[in-house]
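Working notes, structure below.
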Amino acid sequence: TSIIEIYCVPRNAYSFTAYHLWAIGERSTYTMYRDYADFLSIYFRDRKFDFAFLDGRARPQVAYTILNQLNEPNAIVFIHDWNQRKEYHVIEREFYNIIDQQIESTQSGDEGLVVLQKKSQDIGQKNITASEWKSGKEPEWWI
1363 TSIIEIYCVP
1373 RNAYSFTAYH
1383 LWAIGERSTY
1393 TMYRDYADFL
1403 SIYFRDRKFD
1413 FAFLDGRARP
1423 QVAYTILNQL
1433 NEPNAIVFIH
1443 DWNQRKEYHV
1453 IEREFYNIID
1463 QQIESTQSGD
1473 EGLVVLQKKS
1483 QDIGQKNITA
1493 SEWKSGKEPE
1503 WWI
């Protein structure tokens, strides 16, 4: 049987500063979105997923944090608004292969949808090592 669960996880920072950073297009920080990015690894740490649809904020961060929870080898990750947001593409370079992509869209905004599959068990080791940052500085790829 198929089970689909949808969760809305609020961001951590409800401050004018956080909103201003978002409004002017500055990068999201882990502090602003830690509950959002870590939701599955905290509350569903023992569950494996066949697919994930990522939309909203901090998509690269969430794509990274769910790596260990994908039901390999065929689990897939969908990311919305992929085409124009080049800053998201770091996850494809390090962690995922593109298996399909919607190039054109009639939708307004950043458009597009990408379908990704995890590269391998040993993917992006440099960046995974750099991600031991929870109480320190974010790695450069953390967008």
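Take 1363 as the starting number for the sequence shown in the working numbering and just add one per residue.
Think of the CB as a built atom: it goes at the ideal place given N, C-alpha and C, for glycine as much as any other residue.
Given that a residue counts as buried once 16 or more other Cβ atoms are within 10 Å of its Cβ, and exposed if not, what is residue i?
i, result
"residue 1404", "exposed"
"residue 1372", "exposed"
"residue 1423", "buried"
"residue 1443", "buried"
"residue 1381", "exposed"
"residue 1425", "buried"
Report yes if the CB atom of residue i is closer than 7 Å to the CB atom of residue j, and no otherwise.
i, j, result
"residue 1410", "residue 1430", "no"
"residue 1419", "residue 1395", "yes"
At a cut-off of 6 Å, would you count residue i as near the ligand MG, judging by its Cβ distance to the nearest heavy atom?
i, result
"residue 1478", "Among the components modelled here there is no ligand, and therefore nothing to report on the ligand MG."
Got a sec? Which residues, its chain only, sit under 8 Å from residue i by beta carbon, not counting five neighbours each side?
i, result
"residue 1477", "1438, 1439, 1440, 1460, 1461, 1462 and 1463"
Between which residues of its own chain and residue i is the CB-CB distance below 6 Å, once the five residues before and five after are set aside?
i, result
"residue 1414", "1428 and 1439"
"residue 1436", "none"
Using a Cβ-Cβ cutoff of less than 7 Å, which residues in the same chain neighbour residue i once the five nearest sequence positions on both sides are dropped?
i, result
"residue 1421", "1441 and 1450"
"residue 1383", "none"
Do you know offhand how far residue i's Cα is from residue j's?
i, j, result
"residue 1454", "residue 1399", "18 Å"
"residue 1481", "residue 1368", "26 Å"
"residue 1448", "residue 1417", "15 Å"
"residue 1401", "residue 1365", "18 Å"
"residue 1458", "residue 1408", "22 Å"
"residue 1475", "residue 1406", "25 Å"
"residue 1479", "residue 1370", "24 Å"
"residue 1385", "residue 1412", "34 Å"
"residue 1388", "residue 1397", "19 Å"
Quick check on residue i - is its C-beta less than 7 Å from some C-beta in chain C?
i, result
"residue 1396", "Note that chain C does not occur in the displayed structure, where there is just one protein chain."
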